[in-house]
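A short worksheet on the structure shown next.
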Amino acid sequence: MSDITEQDVGSNLKIAGWVENIRDHGGVSFIDLRDMYGVMQVVMRDTSLLDGINKEDCISVEGEIEHRDEETYNPKIPTGTIELEAHHVDILGKVYRQLPFEIATSKETREDVRLKYRYLDLRNIKVRDNMIFRSKVISYLREKMTEMGFLEIQTPILCASSPEGARDYIVPSRKFKGKFYALPQAPQQYKQLLMVSGFDKYFQIA
159 MSDITEQDVG SNLKIAGWVE NIRDHGGVSF IDLRDMYGVM QVVMRDTSLL DGINKEDCIS
219 VEGEIEHRDE ETYNPKIPTG TIELEAHHVD ILGKVYRQLP FEIATSKETR EDVRLKYRYL
279 DLRNIKVRDN MIFRSKVISY LREKMTEMGF LEIQTPILCA SSPEGARDYI VPSRKFKGKF
339 YALPQAPQQY KQLLMVSGFD KYFQIA
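Residue 288 in my numbering sits at position 130 of the sequence shown, and the numbers go up by one each step.
Take a look at the structure:
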């Protein structure tokens, strides 16, 4: 939604996302609709369009982009000077029970609950931004390592057990009963194998 600007005022658009907030102002309702890229305020002057919609439902909205009233500008978001007046709404994905935590404050929730409902935790804007930042860092590192002549090679993530002090994380073999694989604790074996094979420098990002 971040690519929708004031230049789109007067245009009829269809957007989709998750319902972040619902505000009823008596005769007029507002929804903050969130996608991967931002938030758009949706105004519903026909409040029947809001029937059956709850927070974190996934919906699509068709309507016209218009300017917000100046006193309602929100400088914190790129779409803070515009809104979408809804003409038609479709529910794409429905929340049928109470969520285990509020998305906006998921980082205050116990870690085991966040991990159990990871798909909800990842909707939190701060968690999402961390994922985006991690992707950018890895992309930058990959580019620089490649420029320096390093090859990116993926070595096996399961191997024979070679304990180095920590307990092995073992994975049973489906084909060989009573046999197990283990997560490699150190990359030396694969590094040495590649060096003997003639690869002088490589990198791997776990």
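Glycine included, every Cβ here is placed at the ideal spot set by N, Cα and C.
Just so you know, these numbers come straight off a predicted model, no measurement behind them.
query                                                                                                                                : result
N- and C-terminal bounds of the beta strand (DSSP E) containing Ile189                                                               : 187-193
Cβ-Cβ distance between Glu228 and Val201 below 9 angstroms                                                                           : no
CA-to-CA distance, Val177 to Tyr254, given in whole angstroms                                                                        : 14 angstroms
Ala262 burial status per 10 Å Cβ neighbour count (16 or more: buried)                                                                : exposed
Residues bridged to Lys172 [DSSP beta-bridge criterion]                                                                              : Glu220
is_contact[Gly336, chain D] using C-beta, thresh 9 angstroms                                                                         : Protein chains in the displayed structure number just one, and chain D is not present.
Chain-order list of residues whose beta-carbon lies under 6 angstroms from that of Lys337 (same chain, five-residue window excluded) : Ser331
Buried or exposed by the 16-neighbour rule on C-beta atoms within 10 Å, applied to Val219                                            : buried
Whole beta strand (DSSP E) elements within the stretch 222-306, 3-residue minimum                                                    : 240-251
Cutoff 7 angstroms; reference Asn232; Cβ partners in own chain excluding five residues on either side                                : Gly238
Check whether Ile223 and Leu171 have beta carbons under 9 angstroms apart                                                            : yes
Presumed contact (8 angstroms Cβ cut-off) between Thr205 and Gly185, rounded CB distance                                             : 7 angstroms
For Gln350, the first and last residue of its enclosing alpha helix (DSSP H)                                                         : 346-355
The stretch 340-349 / the stretch 301-319 touching (three or more Cβ pairs under 8 angstroms)                                        : yes
CB contact flag (Leu250, Glu214, <9 angstroms)                                                                                       : no
Cβ pair Phe259, Leu280 closer than 9 angstroms                                                                                       : no
Proximity of Ile162 and Ile189 at Cβ, strictly below 9 angstroms                                                                     : no
Extent of the continuous beta strand (DSSP E) run through Gly196                                                                     : 196-202
Sub-9 angstroms separation of Lys284 and Lys265 beta-carbons                                                                         : yes
Same chain, Cβ closer than 7 angstroms to Val167, neighbours up to 5 away in sequence not counted                                    : Ile223, Glu224, His225, Ile240
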